[in-house]
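Everything below concerns the one structure shown next.
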């Protein structure tokens with residue numbers, strides 16, 4: 009297929025990640041794409057495409073990124089940069105990679121964008137960087153990302169750096185909801201479903217009242233939003249924050265009902281584990297796992313979020329971008 013937008017070049021940083029792979033696959037027939045990642049294309053099992061140039065680079069490596077910059081300038085430059093690369097794990101601990109990759113790496117790619125004089129830089133943040141709001145309140149585009157764990161702090165710094173560099177070139181921050189695909193490529197959701205639809209003892213257990221809730225977004229809806237940003241780049245404000253999320257949130261109780269109804273043909277009744285019993289239950293499970301080597305997803309830090317709701321209101325995003333998830 010020929011390039012429909014051969015005059016537009018896109019650099020996708022973090023092209024081997026879940027969102028990056030889907031964005032690359034969606035745009036590759038229409039744009040000239042530079043895909044940047046730590047791993048090679050072959051190692052990442054991404055098929056060759058004539059419109060995709062692979063750049064293997066660690067964004068925390070300034071020297072290597074300078075080489076990338078020189079290469080891109082020699083080959084006509086870049087119009088848009090999607091910065092998707094970030095470190096995250098479920099330990100809730102302050103890993104040095106949060107500073108190295110998420111902060112220093114972001115600073116490096118913003119400098120790269122400045123040297124390339126891009127038309128727009130899109131920084132991918134997360135709604136999870138915001139504190140869970142009090143009951144009855146929601147997270148909007150104006151909510152400050154003030155959650156206190158390491159990943160959230162690194163994303164806040166990333167947003168602040170992006171706003172700072174909007175003095176040099178147009179910038180957009182996109183805060184993601186929990187993004188999933190038809191194949192359930194979102195680790196927590198995958199774990200919930202494989203547990204609830206299994207024959208395990210804990211298959212019907214929900215923590216607390218089952219009211220723990222976050223907003224979910226299908227990857228196709230996110231790609232549509234990204235396409236709108238590219239199309240409307242010249243018309244968007246020089247700096248803006250958008251919530252890539254539907255309004256509201258979906259609770260574990262709602263997910264359990266939907267999943268069991270579709271799988272079993274009827275909704276099963278969950279067993280609610282009161283919050284005071286969660287810690288000892290998880291402790292016992294850790295002891296058992298030590299002997300069985302059966303790793304589990306749940307962590308002690310998750311207990312503080314039981315029955316809390318991360319409700320989003322993306323009305324302003326939907327109006328500004330004429331986007332409907």
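In our numbering, the protein residues as written are 9 to 333.
The beta carbon of each residue, even a glycine, is placed where N, CA and C say it ideally should be.
If one requires a minimum length of 4 residues, the alpha helix (DSSP H) runs lying completely within the stretch 92–179 are 114–124 and 158–173, in chain order.
Sixteen is the threshold: since fewer than 16 other Cβ atoms of the shown chains lie within 10 Å of the Cβ of residue 271, the residue is exposed. Per DSSP, the beta bridge partners of residue 186 are 224. Per DSSP, reduced to three states, the secondary structure at residue 314 is coil, with no helix or strand assignment. Bounds of the alpha helix (DSSP H) holding residue 200 are 195–204. Contact between residue 186 and residue 159 fails: their C-beta atoms lie close to 14 Å from each other, not under 8 Å. CA-CA distance, residue 267 to residue 135, rounds to 24 Å. For residue 258, the pairing in a beta bridge is given by DSSP as 222.
Checking the DSSP bridge columns, you'll see residue 181 partnered with 131 and 249. Contact annotation: residue 21 and residue 67 have beta-carbon atoms nearer than 8 Å.
When 130, 96 and 190 are compared, the shortest CA-CA separation from residue 169 is found for 130.
Excluding sequence positions up to five before and after residue 219, its CB lies within less than 6 Å of the CB of 259 and 315, all in the same chain and listed in chain order. Bridge partners of residue 42 according to DSSP: 19 and 61. Using a C-beta cut-off of 8 Å, the stretch 19–38 makes contact with the stretch 56–71, since at least three inter-stretch Cβ pairs fall below that distance. By the criterion of at least three beta-carbon pairs nearer than 8 Å, the stretch 91–100 is in contact with the stretch 108–115.
With three or more CB-CB distances shorter than 8 Å, the stretch 148–157 counts as touching the stretch 318–331. Between the stretch 34–48 and the stretch 57–64 there are three or more C-beta pairs closer than 8 Å, enough to call the two in contact. Counting other Cβ atoms within 10 Å of its Cβ, residue 300 stays below 16 and is therefore classed as exposed. Under DSSP, residue 215 takes part in a beta bridge, and its partners are 281. The beta carbons of residue 263 and residue 188 sit about 11 Å from each other, so the pair does not count as a contact at 8 Å. Closest in C-alpha terms to residue 87, from the list 177, 140, 156 and 143, comes 177.
Annotated three-state conformation of residue 320 is strand, per DSSP.
Between residue 180 and residue 244 a beta carbon distance of about 7 Å is seen, short of the 8 Å cut, so the two are scored as contacting.
Between the beta-carbon of residue 286 and that of residue 311 there is about 5 Å, and that keeps the pair under the 8 Å contact cut. Judged by DSSP in its simplified three-state form, residue 90 adopts strand. Per DSSP, reduced to three states, the secondary structure at residue 85 is coil, with no helix or strand assignment. The three-state secondary structure of residue 332, taken from DSSP, is coil.
Excluding sequence positions up to five before and after residue 196, its CB lies within less than 8 Å of the CB of 186 and 305, all in the same chain and listed in chain order. Straight-line measurement puts the Cα of residue 89 at about 19 Å from the Cα of residue 229. DSSP places residue 273 in the coil class of the three-state scheme, outside both helix and strand.
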